[in-house]
Amino acid sequence: MLRGVDSRALRMSTNDPITLRPEGRLLTAFLSRPPDNFIDRAMALSLKELCTTLREDSPFDVLIITGDGEEAGAFSRGTDQSFLSESAEASSGSAAQTVFDGYRCASAIASLPFPVIAAINGDAYDQGLELALAADIRVAAETAQFRMGQALQGLIPWDGGTQRLPRVVGPAHATDLLLTGRTIGAGEALDMGLVNRVVGSSDVLSAAQEIAAHVLAGGPIAARYAKEVILSGSEMTLDQGILLETDLTMILQTTKDREEGIRSFLERRDPEFRGE
Numbered sequence: 000m001l002r003g004v005d006s007r008a009l010r011m012s013t014n015d016p017i018t019l020r021p022e023g024r025l026l027t028a029f030l031s032r033p034p035d036n037f038i039d040r041a042m043a044l045s046l047k048e049l050c051t052t053l054r055e056d057s058p059f060d061v062l063i064i065t066g067d068g069e070e071a072g073a074f075s076r077g078t079d080q081s082f083l084s085e086s087a088e089a090s091s092g093s094a095a096q097t098v099f100d101g102y103r104c105a106s107a108i109a110s111l112p113f114p115v116i117a118a119i120n121g122d123a124y125d126q127g128l129e130l131a132l133a134a135d136i137r138v139a140a141e142t143a144q145f146r147m148g149q150a151l152q153g154l155i156p157w158d159g160g161t162q163r164l165p166r167v168v169g170p171a172h173a174t175d176l177l178l179t180g181r182t183i184g185a186g187e188a189l190d191m192g193l194v195n196r197v198v199g200s201s202d203v204l205s206a207a208q209e210i211a212a213h214v215l216a217g218g219p220i221a222a223r224y225a226k227e228v229i230l231s232g233s234e235m236t237l238d239q240g241i242l243l244e245t246d247l248t249m250i251l252q253t254t255k256d257r258e259e260g261i262r263s264f265l266e267r268r269d270p271e272f273r274g275e
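Numbering (numbering that gives the first Met the number 0), first residue to last: 0 to 275.
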């Protein structure tokens, strides 16, 4: 069982380095291997199991991922050193594939149907940055630094970074960061669109919670459909994307949440959405 989670809300089968804090429809997942929060096999498996559970039966409508504690100094500084020894010992392509698959976890996060917020309370390096890129919104501490430095190890990003980074910051910035492996600060990350907001080091989680509160004030089905049409539409032509937008809008018209939205507006009160 993951630490800090209500077993009635989530059913987990392993004891892994992630602490969960459920608060109503908001779930916060803390990467709990301070001070660096390196991603090892156990953490990757834990994240994948968590996401599988949340996709199958979730009482939550927003997930925040952050480093454990304000004193951690890192969101995640990348992959645990055990990965290097395991990958170096792989004697074939299939064996290497098995090693990489054991550490991959970003796509599991990206596959969640509801919004994910990365509260980047410290450095996000290499696979740690790939993890943050799998979120939909990124809030960073003003002291946080960012790096995609796999090229410095003779590798390329292998947890989705080569694909998600250019989609977030554009090909020019992505090429710069991927080829040089240089480290940038939060200000430059904000300027290039890598993060959505930069706040004081002690305010990262509260800023993410504020964003989550705004999301949760709206209809949960609408939030999920908005995420779907943004992500899926970006891979379509404009006309195809508009057709998808229209289809999802028509489906929303049939929900009880849409009825509640109209009724609450007419009655001049806050809506009470139920995700139905």
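Note that the Cβ used here is the ideal one computed from N, Cα and C, for glycine as well.
Subject >> Between the CA atoms of Phe59 and Ile155 - distance to the nearest angstrom >> reply: Here the question's residue 155 lines up with position 156 in the sequence shown. Here the question's residue 59 lines up with position 60 in the sequence shown. Roughly 34 Å separates the two Cα atoms.
Subject >> Secondary structure of Glu22, DSSP reduced to three states >> reply: Reading the sequence shown from its first residue, position 23 is the one you call residue 22. Here Glu22 sits in strand by DSSP.
Original post:
Which word fits Ser159, buried or exposed, when buried means at least 16 other C-beta atoms lie within 10 angstroms of its C-beta?
Top reply: Indexing the sequence shown from 1 puts residue 159 at position 160. Note that residue 159 corresponds to Gly in the displayed sequence, not to Ser. So Gly159 counts as buried.
Subject >> Short Cβ contact (8 Å threshold) for Leu44 with Val115 >> reply: Translated into positions along the sequence shown, residue 44 becomes position 45. Translated into positions along the sequence shown, residue 115 becomes position 116. Taking 8 Å as the cut-off, the Cβ atoms of Leu44 and Val115 do not count as close.
**OP:** Kindly give me the distance between the Cβ atoms of Glu327 and Glu258, rounded to whole angstroms, as I take these residues to be in contact under 8 Å.
**Re:** No information on residue 327 is available, as it lies outside the stretch 0 to 275 that the chain covers here.
Original post:
With 16 other CB atoms within 10 Å as the buried threshold, where does Asp238 fall?
Top reply: To locate residue 238, count along the sequence shown from 1; it is residue 239. Burial call: exposed.
**OP:** Would you mind working out which of Cys104, Val98, Gln252 sits nearest Leu46, comparing C-alpha positions?
**Re:** On the sequence shown, position 47 is the one that residue 46 refers to. The candidate whose alpha carbon is nearest that of Leu46 is Cys104.
Subject >> Residues bridged to Ser91 (per DSSP) >> reply: Counting from one through the sequence shown, the residue named residue 91 turns up at place 92. Ser91 pairs with nothing; no bridge assigned.
Original post:
Where does Leu237 fall in DSSP's three states?
Top reply: Within the sequence shown, numbered from 1, the residue matching residue 237 stands at position 238. Correct three-state label for Leu237: helix.
Original post:
Could you give the residue range of the beta strand (DSSP E) that holds Arg137?
Top reply: One-based indexing of the sequence shown puts residue 137 at position 138. From DSSP, the beta strand (DSSP E) with Arg137 extends over 136 to 140.
Subject >> Where Phe82 falls: helix, strand or coil (DSSP) >> reply: For the purposes of this step, residue 82 is identified with residue 83 of the sequence shown, where counting begins at 1. In this structure, DSSP gives Phe82 a helical state, which the three-state scheme calls helix.
**OP:** Would you identify the three-state DSSP class for Arg273, choosing helix, strand or coil?
**Re:** As a working mapping, residue 273 is identified with position 274 in the sequence shown. Three-state result, Arg273: coil.
Original post:
Which class does Ile38 belong to by DSSP, given the choice of helix, strand or coil?
Top reply: For the purposes of this step, residue 38 is identified with residue 39 of the sequence shown, where counting begins at 1. Residue state, collapsed to three classes: strand.
Original post:
With 16 other CB atoms within 10 Å as the buried threshold, where does Ser12 fall?
Top reply: Here residue 12 is taken as the residue at index 13 of the sequence shown, counted from 1. Any answer about Ser12 is weak, because its pLDDT of 41 lies below 50 and its placement is not dependable; what the coordinates show is given next. By the neighbour-count criterion, in which 16 or more other beta carbons inside 10 Å mark a residue as buried, Ser12 falls on the exposed side.
**OP:** Please classify Arg54: is it buried, with 16 or more other beta-carbons within 10 angstroms of its beta-carbon, or exposed?
**Re:** Along the sequence shown, one-based indexing puts residue 54 at 55. Counting every other CB atom within 10 Å of its CB across the protein chains shown gives Arg54 a total below 16, marking it as exposed.
**OP:** Please say whether Ala212 and Ala139 have beta carbons closer to each other than 8 Å?
**Re:** Within the sequence shown, the letter at position 140 stands for residue 139. Within the sequence shown, the letter at position 213 stands for residue 212. The answer is no: Cβ separation not under 8 Å.
Subject >> Cut-off 8 Å between Cβ atoms - residues of its own chain near Thr51, not counting five sequence neighbours on either side >> reply: Sequence index remark: in the sequence shown, residue 51 carries index 52 (1-based). Apart from sequence neighbours up to five positions away, the residues of its chain that approach Thr51 with a beta-carbon distance below 8 Å are Ala107, ordered along the chain.
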